[in-house]
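Numbering (the working numbering), first residue to last: 323 to 522. For every residue, glycine included, the Cβ atom is placed at its ideal position computed from N, Cα and C. Owing to the predicted nature of the structure, the values given are computational and were not obtained by experimental measurement. All remarks here apply to the structure that follows.
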C-alpha cells in the first residue's frame, strides 16, 4: 500500500517525476513538461468534440452535455487551470492521473437514452477542476476545502459544489481506481503525452 492509498503494481517500480525547486514553486510537484502534456491532451479532446459538435449541428442535432459543468467560457486556459491545481493543491502525479481516470469513466458512460457526457470548450474547465478536486480529497490526508478549489479554478463556490455532487453521482460514488491504470496513464503522459483521449 502506497502513501496515496492504493496498492502499488506488483513487480513494477513506482515511477518518480523529479522537479527542480524553481519549477516546484511555479508548477507544483508535477513539473512543467508533464503539465504541458496533460493540458495539450485535454485541449486535443476539446478540439475533437468541437468538430463533432459542428457536424451534429449541421445534421440538425447537437452533443448533449450535463448542465452541471457550465455553459459559459472558462475563466482561464486548461494549461493555466492544471498548473494552478498542481501548484496550490499539492497534488502528486499519481493523484492527478486518478482525476483523469475519473474523467475517463464519465465520458465513457452512456445513458439509457443514448446521451453521453462530452468535454467541450465550455465544459472542460469545470470537469477537469471537479475531477482533480475529487482525486485530491479522496487521496490526500489533508486536502484543500471546496472554497480553496473554487478560488484555484476561478469559479463560483455553489457551482463547484453542485458539480461535485453531480460528478459523484456519475461515478456512482466509486472512487477506487486500479493502480496499474494509474501507472499506465503516468507512463503515457511522461513519454508520449497525447495517448490520453477521453471521449474520442
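Who are the near neighbours of residue 483 in its chain, counting only those whose CB is closer than 8 Å to its CB and skipping five residues on each side?
Same-chain partners within the cutoff: 468.
Please state whether the Cβ-Cβ distance between residue 429 and residue 457 is less than 8 Å.
No. Outside cutoff.
Helix, strand or coil for residue 346 per DSSP?
Note on residue 346: pLDDT 49, under 50, position unreliable in the model; the coordinate value appears next. In this structure, residue 346 counts as helix in the three-state DSSP scheme.
Based on Cα-Cα distance, which residue from 471, 447, 470, 377 lies nearest to residue 399?
Among 471, 447, 470, 377, the Cα nearest to that of residue 399 belongs to 447.
Could you spell out where the alpha helix (DSSP H) holding residue 381 opens and where it closes?
Careful: residue 381 lies outside any alpha helix (DSSP H) and carries neither H nor E.
For the stretch 399–414 against the stretch 355–370, are there 3 or more C-beta pairs whose distance is under 8 Å?
Verdict: yes, contact present.
What residues in its chain sit with their C-beta under 8 Å from that of residue 425, if we drop five residues either side in the sequence?
Same-chain partners within the cutoff: 441, 449, 450, 453, 520.
For residue 432, does the three-state DSSP call read helix, strand or coil?
If DSSP states are grouped into helix, strand and coil, residue 432 belongs with the strands.
Have a look at 478, 445, 455 and flag the residue whose alpha-carbon is nearest the alpha-carbon of residue 367.
Looking at the Cα atoms, 445 is the closest of the given residues.
Taking all protein chains shown into account, do 16 or more other C-beta atoms lie within 10 angstroms of the C-beta of residue 518, making it buried, or fewer, making it exposed?
With a pLDDT of 44 at residue 518, under the threshold of 50, the modelled position of this residue cannot be trusted, and the question is left open.
Can you give the Cα-Cα distance for residue 370 and residue 427, rounded to whole angstroms?
Residue 370 and residue 427: Cα-Cα distance of roughly 18 Å.
What does DSSP give as the partner residue(s) for residue 438 in the beta ladder?
Partner(s): 432.
Can residue 381 and residue 504 be called in contact, C-beta distance under 8 Å?
No, the Cβ-Cβ distance between residue 381 and residue 504 is not below 8 Å.
Output the boundary residues of the alpha helix (DSSP H) element that contains residue 475.
Start and end: 468–475.
Assuming residue 356 contacts residue 511 under a Cβ cut-off of 8 Å, what Cβ separation, rounded to an integer in Å, is found between them?
Rounded, the Cβ-Cβ distance is 6 Å, consistent with contact.
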